[in-house]
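Colleague: The working numbering applies: residue 1 is where the sequence shown begins, and numbers increase by one.
For glycine and all other residues, C-beta sits at the position ideal for the given N, C-alpha and C.
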Amino acid sequence: MSELTPMMRQYMDLKEKYNDVILLFRLGDFYEMFFEDAKIASRELEIVLTGRDCGLAEKAPMCGVPYHAVDGYINKLISKGYKVAICEQLTDPAESKGLVERDVTRVITPGTIIESSILDEKENNYIMSGFLFDNKVGFSYADISTGSFFTGEITTDTSENSVESFLNEVIRIQPKEFILNDALYIYENKINSLLKQDNILIECTSSLGIEKELAKEALLKHFDVESLECFSIEDKPYSVYAAGALMQYLKKTQKNDLNHITDIKYCYDNTYMILDASTRRNLELTSTIREGSKKGSLVWLLDKTKTAMGSRMIRNWLVQPLLIEKHINLRLDAVNELFEENTKREEIRDALNGVYDIERIISKISYGSLDARNCISLKQSLQKIPAIKKAISTFDRDMLKNLSDKLDLLEDIVKLLEDSIEENAPAGIKDGGIIKLGYNAEIDRLKNISQNSKEYILKLEKKEKEETGIKNLRIGYNRVFGYYIEVTRSNADVVPYRYQRRQTLANSERFITPELKQLEDEIISAEETCKKIEYLEFAKIRAILCDNISRIQQTANVLATIDSLASLAKCAYDNGYVRPQITDDGHIKIAKGRHPVVERMVSDFVANDSLMDTAENRMIIITGPNMAGKSTFMRQIGLITLMAQIGSFVPAESANLSIVDRIFTRVGASDDLASGQSTFMVEMNEVANILHNATSKSLIILDEIGRGTSTLDGLSIAWSVVEFICNTDNIGAKTLFATHYHELTELEGLLPGVKNYSVIVKEYGDDIIFLRKIKRGGTNKSFGIEVANLAGLPKEVINRAKEILKKLEQSDINNIDISSAVADNNDNPHQLAMFSENAEKEILDALKNVNVDSLTPLDALNLISELNIRVKRI
Ligand code: ADP
Numbered sequence: 001m002s003e004l005t006p007m008m009r010q011y012m013d014l015k016e017k018y019n020d021v022i023l024l025f026r027l028g029d030f031y032e033m034f035f036e037d038a039k040i041a042s043r044e045l046e047i048v049l050t051g052r053d054c055g056l057a058e059k060a061p062m063c064g065v066p067y068h069a070v071d072g073y074i075n076k077l078i079s080k081g082y083k084v085a086i087c088e089q090l091t092d093p094a095e096s097k098g099l100v101e102r103d104v105t106r107v108i109t110p111g112t113i114i115e116s117s118i119l120d121e122k123e124n125n126y127i128m129s130g131f132l133f134d135n136k137v138g139f140s141y142a143d144i145s146t147g148s149f150f151t152g153e154i155t156t157d158t159s160e161n162s163v164e165s166f167l168n169e170v171i172r173i174q175p176k177e178f179i180l181n182d183a184l185y186i187y188e189n190k191i192n193s194l195l196k197q198d199n200i201l202i203e204c205t206s207s208l209g210i211e212k213e214l215a216k217e218a219l220l221k222h223f224d225v226e227s228l229e230c231f232s233i234e235d236k237p238y239s240v241y242a243a244g245a246l247m248q249y250l251k252k253t254q255k256n257d258l259n260h261i262t263d264i265k266y267c268y269d270n271t272y273m274i275l276d277a278s279t280r281r282n283l284e285l286t287s288t289i290r291e292g293s294k295k296g297s298l299v300w301l302l303d304k305t306k307t308a309m310g311s312r313m314i315r316n317w318l319v320q321p322l323l324i325e326k327h328i329n330l331r332l333d334a335v336n337e338l339f340e341e342n343t344k345r346e347e348i349r350d351a352l353n354g355v356y357d358i359e360r361i362i363s364k365i366s367y368g369s370l371d372a373r374n375c376i377s378l379k380q381s382l383q384k385i386p387a388i389k390k391a392i393s394t395f396d397r398d399m400l401k402n403l404s405d406k407l408d409l410l411e412d413i414v415k416l417l418e419d420s421i422e423e424n425a426p427a428g429i430k431d432g433g434i435i436k437l438g439y440n441a442e443i444d445r446l447k448n449i450s451q452n453s454k455e456y457i458l459k460l461e462k463k464e465k466e467e468t469g470i471k472n473l474r475i476g477y478n479r480v481f482g483y484y485i486e487v488t489r490s491n492a493d494v495v496p497y498r499y500q501r502r503q504t505l506a507n508s509e510r511f512i513t514p515e516l517k518q519l520e521d522e523i524i525s526a527e528e529t530c531k532k533i534e535y536l537e538f539a540k541i542r543a544i545l546c547d548n549i550s551r552i553q554q555t556a557n558v559l560a561t562i563d564s565l566a567s568l569a570k571c572a573y574d575n576g577y578v579r580p581q582i583t584d585d586g587h588i589k590i591a592k593g594r595h596p597v598v599e600r601m602v603s604d605f606v607a608n609d610s611l612m613d614t615a616e617n618r619m620i621i622i623t624g625p626n627m628a629g630k631s632t633f634m635r636q637i638g639l640i641t642l643m644a645q646i647g648s649f650v651p652a653e654s655a656n657l658s659i660v661d662r663i664f665t666r667v668g669a670s671d672d673l674a675s676g677q678s679t680f681m682v683e684m685n686e687v688a689n690i691l692h693n694a695t696s697k698s699l700i701i702l703d704e705i706g707r708g709t710s711t712l713d714g715l716s717i718a719w720s721v722v723e724f725i726c727n728t729d730n731i732g733a734k735t736l737f738a739t740h741y742h743e744l745t746e747l748e749g750l751l752p753g754v755k756n757y758s759v760i761v762k763e764y765g766d767d768i769i770f771l772r773k774i775k776r777g778g779t780n781k782s783f784g785i786e787v788a789n790l791a792g793l794p795k796e797v798i799n800r801a802k803e804i805l806k807k808l809e810q811s812d813i814n815n816i817d818i819s820s821a822v823a824d825n826n827d828n829p830h831q832l833a834m835f836s837e838n839a840e841k842e843i844l845d846a847l848k849n850v851n852v853d854s855l856t857p858l859d860a861l862n863l864i865s866e867l868n869i870r871v872k873r874i
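1. When every heavy atom of the ligand ADP is checked, does at least one fall within less than 6 Å of the C-beta of methionine 684?
2. Go through the residues and name those whose CB comes closer than 5 Å to any heavy atom of the ligand ADP, in chain order.
3. Would you tell me roughly how many angstroms separate the C-alpha atoms of isoleucine 646 and phenylalanine 223, rounded to the nearest one?
4. So what does DSSP say about arginine 106, is it helix, strand or coil?
5. Just curious, the alpha helix (DSSP H) that methionine 399 is in, first and last residue?
6. On a Cα-Cα basis, can you pick out the residue from Asp859, Phe724, Ile701 that is closest to arginine 776?
7. Return the chain-ordered list of same chain residues with a C-beta closer than 8 Å to the C-beta of leucine 194, the five sequence neighbours on each side being excluded.
8. Where does glycine 147 fall in DSSP's three states?
9. From phenylalanine 835 to glutamate 809, what distance separates their C-alpha atoms?
10. Where do the N-terminal and C-terminal ends of the alpha helix (DSSP H) with methionine 247 fall, by residue?
11. As a quick exercise: from Asn868, Val850, Leu855, pick the residue whose alpha carbon is nearest that of glutamate 840.
12. Can you give me the start and stop residues for the beta strand (DSSP E) that tyrosine 483 sits inside?
13. For valine 597, count the other beta carbons within 10 Å of its own beta carbon; 16 or more makes it buried, fewer makes it exposed. Which is it?
14. From the DSSP output, in three-state form, read off isoleucine 449 for me.
15. Taking the beta carbon of lysine 415 as the centre, do at least 16 other beta carbons fall within 10 Å, making it buried, or is it exposed?
16. Does the contact criterion of 3 or more C-beta pairs under 8 Å hold for the stretch 698-708 versus the stretch 625-636?
17. Comparing C-alpha positions only, which one of Ala566, Ala738, Gly81, His68 sits nearest to asparagine 342?
18. Taking the alpha-carbon of alanine 425 as reference, which of Tyr268, Lys465, Arg373, Leu410 has the nearest alpha-carbon?
19. May I ask which residues mark the beginning and end of the beta strand (DSSP E) holding threonine 504?
20. Just to confirm my understanding: we take asparagine 491, look at its own chain, exclude 5 residues before and 5 after, and list those with CB closer than 6 Å. What are they?
21. Going by DSSP, what residue range makes up the beta strand (DSSP E) through valine 761?
22. Check whether the stretch 641-655 and the stretch 312-332 touch, using three or more Cβ-Cβ pairs below 8 Å as the test.
23. Below 8 Å CB to CB, which residues in the same chain sit around methionine 627 once its five sequence neighbours on both sides are set aside?
24. In the structure shown, what three-state DSSP assignment does tyrosine 141 receive?
25. Note the first and the last residue of the continuous beta strand (DSSP E) segment covering arginine 776.
26. Rounded to whole angstroms, what's the CA-CA distance from proline 829 to proline 625? Just pull it up for me.
27. Hey, could you find the ends of the beta strand (DSSP E) phenylalanine 131 is sitting in?
28. Nearest CA to the CA of threonine 739: which residue from Gly368, Asn780, Gly432?
29. Can you find a CB in chain C that lies within less than 7 Å of the CB of isoleucine 173?
30. Taking valine 558 as part of the alpha helix (DSSP H), name the residues at either end of that continuous run.
31. Please report the straight-line C-alpha distance between asparagine 826 and asparagine 656, rounded to a whole angstrom.
32. Among Arg498, Leu370, Ser404, Met399, which one has its Cα closest to the Cα of proline 386?
33. Whose C-beta lies closer than 8 Å to the C-beta of leucine 410 among residues of the same chain, with five residues either side of it excluded?
34. Reducing DSSP to helix, strand and coil, say where valine 578 ends up.
35. Rounding to the nearest angstrom, what Cα-Cα distance links lysine 196 and alanine 801 in this structure?
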């Protein structure tokens with residue numbers, strides 16, 4: 001029976017250990033894949049499938065990719081949901097006697113990518129773990145491309161609540177990969193539909209062989225500590241399980257010490273606001289609802305950072321608004337100073353302009369994949385720090401001062417890199433040309449030899465001429481004999497004893513000397529030796545950098561924070577924002593507020609005031625036609641509140657804001673077909689979430705409720721939701737509610753805290769003009785047909801709709817047959833009587849609802865004119 005070749009045996013042994021991944025097996029300049037892997041890869045990567053003799057009767061299916069282009073192929077495989085293991089040659093093929101040693105050096109999965117060519121520099125790439133047991137959830141997440149590592153623990157009383165909070169964290173973190181215990185793994189589909197990304201990998205800890213019992217030990221060992229007290233998680237077992245599981249998985253796949261993970265931060269301690277999926281989506285924090293694009297989102301507006309690190313940080317701030325007044329004011333103070341010191345801020349931003357992604361360079365240090373060009377980038381980045389520190393040290397508010405103190409100039413590292421690394425070093429670290437002259441005497445000597453070999457030979461030739469007195473002696477070179485000393489036959493007898501004859505030609509003799517031989521060896525081997533010593537020296541530099549990872553990391557973090565603060569200040573300056581005053585009286589009082597994104601899209605944005613409190617102005621019911629600006633107004637209040645709580649200035653003339661614990665939104669209709677839910681079901685789910693979780697300190701934004709069902713059903717639900725929220729025994733949250741159910745305006749006066757508002761529109765014949773101004777008092781007209789007219793519905797349809805509306809308005813749609821009511825026959829005496837009765841009642845109601853105190857003379861005139869027309873119609 002035929003047997004596998006030794007190399008194939010080696011492959012099969014490895015494949016047995018890594019059977020759930022695609023194994024990229026290094027063979028010279030290629031990474032090859034075999035058997036089933038080859039078939040998958042050739043299909044997914046569109047590369048040719050060939051075969052290779054493997055010792056068996058049939059060839060092994062094979063395909064391969066060149067080593068220098070492997071990143072692109074890995075990216076493709078990972079984005080299609082595969083895991084990839086990289087198997088490298090561990091011994092130099094030139095020096096190996098038998099089979100080259102090979103082993104897997106890393107398993108790459110969607111959540112463990114570190115290659116900057118694959119990653120989006122403006123976003124973190126997180127892998128997340130989750131453990132559910134005893135109704136509690138421990139979770140942890142890490143970005144190994146930057147070294148950040150977090151953990152949290154959700155300890156609500158029911159498993160449902162804990163899972164719900166966990167899913168909110170999932171939305172905030174947007175991981176690319178999960179490892180979950182069995183109890184959480186059953187939510188796989190839910191997670192997939194929440195994140196709406198294709199390349200998410202969700203695996204189960206039990207099938208990965210990860211043990212909860214080893215979790216704590218994994219953390220203690222990694223951080224080299226006796227207890228987890230220093231990370232404040234010693235008494236948080238669920239956190240420890242999740243973080244320890246993640247650490248085990250990372251160590252297993254990365255086969256690396258992960259030295260750049262120097263810290264674990266506890267991140268679930270009620271110091272930041274939880275944003276659920278619909279709020280994040282509806283407020284368009286990181287992408288727009290319609291196109292899903294970044295342009296038009298809040299992050300697009302606020303991210304004026306100069307570095308990738310800053311960009312990631314501001315994004316994280318945005319989805320994690322603060323809850324503690326002191327924390328918010330620290331940031332606001334810093335933004336304030338940077339806002340006022342325009343020149344200094346721009347100096348800082350200019351300096352930040354040349355700062356590379358130090359966090360991701362650090363992960364390369366840790367992975368040993370750092371090259372000389374990365375060193376130059378690091379050096380150039382660090383060289384910018386003195387200017388930044390100088391500018392920042394003149395500020396005296398706490399946060400900036402603290403940042404300035406923490407900003408380590410890393411002068412020793414800069415000096416090391418300045419002294420050692422060649423400015424135009426190549427990317428490869430084994431090909432030489434990376435260490436500067438003057439750094440290492442041996443490297444200098446060897447470089448000198450290979451660069452000046454001609455000179456050395458001429459020098460020796462001169463010396464030999466002088467010593468022997470042979471004037472026509474010359475040193476030559478040929479491939480077979482190498483360097484030789486040539487003298488003419490006539491002088492052959494006078495050469496010194498040390499000359500060893502090598503070749504006799506017709507007219508001359510060729511010799512070598514020990515000195516010439518040594519020189520020759522040195523010249524030929526100088527280049528090779530130099531490359532090796534340069535590599536060793538580079539490895540030493542890398543080791544020094546590795547020892548200083550946490551210092552460099554701290555500096556990177558400080559730079560990212562300064563960048564983010566400066567970005568908020570720049571944005572505030574450019575867009576005319578003001579500093580919000582954080583109060584504790586429960587008010588949200590905004591003068592001339594604007595929607596930060598919409599104001600950038602339209603030329604004449606109309607600012608609006610708003611007042612909400614915990615007493616008389618808790619529930620704001622907003623009526624008005626479609627397109628009038630209701631959603632914009634409500635969202636602008638949500639966004640202004642959120643911006644303030646991330647420490648940003650806000651688009652308004654002034655803003656006095658109390659901290660809200662959550663912002664909830666239910667906006668517009670959206671079918672969630674992926675999870676098989678109808679519009680109405682999605683809507684009701686969102687409402688249920690709000691009613692279960694909102695507190696009196698929350699801000700709720702409801703843009704229509706109950707539109708997905710019959711009018712009466714919908715109205716009843718909306719009415720009862722308003723009652724429930726308004727009741728301080730239940731919630732009592734500050735709420736903005738836009739609705740087409742004019743009936744709800746009757747709640748003002750009935751329920752404490754309800755106030756009606758509407759958006760002013762002007763009618764011009766058949767058309768309406770939107771004034772975008774919010775005014776006190778409700779409206780009882782929808783202008784739906786006018787808006788449809790603006791949208792370009794055929795005139796015939798519009799006119800008929802008007803006719804039908806008129807008839808329906810005059811009848812009681814619940815008691816009569818609609819088809820007969822809208823028929824072209826108006827002389828049914830019974831109907832006519834009913835029409836006039838209803839119409840009269842409506843006019844009386846309208847009069848009753850007038851708030852005379854807030855009526856301007858112009859509004860009064862308009863009202864009289866409208867009532868007059870309606871009375872004439874009866
Ligand atoms: P509604 O919710 O009442 O249907 P929207 O809030 O969606 O209306 O507003 C419709 C459009 O009107 C927006 O897309 C925007 O272009 C414009 N708009 C809204 N509010 C304002 C405003 N205050 N100033 C200027 N334009 C506005």
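Modeller: Taking the structure as given:
1. Checking the Cβ of methionine 684 against the ligand ADP gives no.
2. Every residue whose Cβ sits closer than 5 Å to any heavy atom of the ligand ADP is listed here in chain order: Val602, Phe605, Val606, Asn626, Met627, Ala628, Gly629, Lys630, Ser631, Thr632, Arg772.
3. So the alpha carbons of these two residues sit roughly 31 Å apart.
4. Strand, per DSSP.
5. Note, methionine 399: alpha helix (DSSP H), 398-406.
6. Distance from the Cα of arginine 776 is smallest, within the candidate group Asp859, Phe724, Ile701, for Asp859.
7. Around leucine 194: Leu167, Val170, Ile171, Ala277.
8. For glycine 147, the three-state secondary structure derived from DSSP is coil.
9. A caution first: phenylalanine 835 carries a pLDDT of 49, below 50, which makes its placement in the model too unreliable to give a value.
10. That run of the alpha helix (DSSP H) goes 237-254.
11. Nearest option by C-alpha distance: Asn868.
12. Here the beta strand (DSSP E) through tyrosine 483 covers 482-488.
13. Buried, because 16 or more other Cβ atoms sit within 10 Å of the Cβ of valine 597.
14. Helix at isoleucine 449.
15. So lysine 415 ends up on the exposed side.
16. Below 8 Å, enough C-beta pairs join the stretch 698-708 and the stretch 625-636 to call them touching: three or more.
17. With respect to the C-alpha of asparagine 342, the residue from Ala566, Ala738, Gly81, His68 having the closest C-alpha is Ala566.
18. It is Arg373 whose Cα lies nearest to the Cα of alanine 425.
19. It spans 500-504 - the beta strand (DSSP E) in which threonine 504 sits, taken as one unbroken run.
20. Excluding positions up to five away in sequence, the list reads Ile470.
21. Per DSSP, the continuous beta strand (DSSP E) segment holding valine 761 begins and ends at 754-764.
22. Because the criterion of three Cβ pairs below 8 Å is met, the stretch 641-655 and the stretch 312-332 touch.
23. Annotation for methionine 627: Phe770, Val787, Leu790 place their beta carbon closer than 8 Å to its own, counting only its chain and skipping 5 residues before and after.
24. Under the three-state reduction of DSSP output, tyrosine 141 falls in the strand class.
25. From DSSP, the beta strand (DSSP E) with arginine 776 extends over 767-776.
26. Legend: pLDDT at proline 829 = 43, less than 50; position of this residue unreliable, value from coordinates given subsequently. Looking at the backbone, the Cα of proline 829 and that of proline 625 are separated by about 33 Å.
27. Counting along the chain, the beta strand (DSSP E) containing phenylalanine 131 begins and ends at 127-133.
28. Selected option, being the one with the closest Cα: Asn780.
29. The chain labelled as chain C is not found in the depicted structure, where only one protein chain is given.
30. Boundaries of the alpha helix (DSSP H) around valine 558: 549-575.
31. Bear in mind that a pLDDT of 47 at asparagine 826, under 50, signals an unreliable position, so the model cannot answer this.
32. Residue Ser404 is the option with its Cα nearest to proline 386.
33. Setting aside the 5 residues that flank it on each side, leucine 410 is surrounded in the same chain by Leu382, Ile385, Asn548, Arg551, Ile552, Thr555, each with a C-beta closer than 8 Å to its C-beta; the list follows chain order.
34. Valine 578 falls in the strand class under three-state DSSP.
35. Cα to Cα, lysine 196 sits roughly 40 Å from alanine 801.
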